[in-house]
Amino acid sequence: MGNSLKKDIFECIITYPKEIIFKLDRINVSKDQALIYFKPPKNNLKFDEIVLTLNNSGKDHFYIEERIELNKNLSLFKIDREDYLQKTISKDNWNIIVRMNKKQKIKYVLLIVPGNLLFDIK
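Counting from 187, one number per residue, gives the positions in the sequence shown under the numbering used here.
Shown next as structure tokens:
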């Protein structure tokens, strides 16, 4: 399999409060982990709470569904002099990070999983 992967096998969908399908933006892979970035279809998504579904319909199938409160326990950080808010959910062998601007509008969703879960890394 190498380090190639079809982009259309990854899905990120907000299923609550309404269904919104995110677009796969990019995948970064190292020996330890794979970072999978999803962008919202619009830049003005703001919710207090979401139910997020992430899945991979490929050979190494995974399905994650998580209820996330976006107005509590947020971290503040900077990227290229711009302030962002972040909500991180960590479970078993994966992390979900929802990054938002200061007005709490979702900029992207990042899924971090072990690299060997999705790729044959040598």
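All C-beta atoms in this analysis are idealised placements derived from N, C-alpha and C, irrespective of residue type, glycine included.
Buried or exposed by the 16-neighbour rule on C-beta atoms within 10 Å, applied to residue i
i    : result
F263 : exposed
I207 : exposed
I265 : exposed
K273 : buried
Closest Cα partner of residue i within the set the options
i    : options                : result
I195 : I206, K204, T201, I213 : I213
N229 : T201, T274, K209, W280 : K209
V299 : E205, I200, K204, Q219 : Q219
I283 : E268, D269, L256, Y249 : L256
E268 : R285, I200, N259       : R285
S261 : S243, R253, L271       : L271
N259 : E252, I250, I275, Y249 : I275
I200 : W280, E251, L297, K217 : E251
N279 : I254, R253, Y249       : Y249
E227 : N281, K277, L297, E205 : Per the sequence shown, residue 227 should be read as Pro rather than Glu. The shortest Cα separation from P227 among N281, K277, L297, E205 belongs to E205.
Beta-carbon contacts of residue i that lie in its chain and below 8 Å, excluding the five residues immediately before and after
i    : result
H247 : N241
D211 : Y223, F224, K225, Y294
Same chain, Cβ closer than 6 Å to residue i, neighbours up to 5 away in sequence not counted
i    : result
C198 : F208, F224, L240, V295
S243 : I195
Residue i: first and last residue of the uninterrupted beta strand (DSSP E) it sits in
i    : result
P300 : 292-300
D211 : 206-215
K273 : 268-277
N242 : 235-242
K225 : 219-225
K264 : 261-265
N281 : 280-286
I254 : 248-255
I199 : 196-202
Next on the checklist: Check whether the stretch 278-295 and the stretch 224-238 touch, using three or more Cβ-Cβ pairs below 8 Å as the test.
Outcome noted: yes
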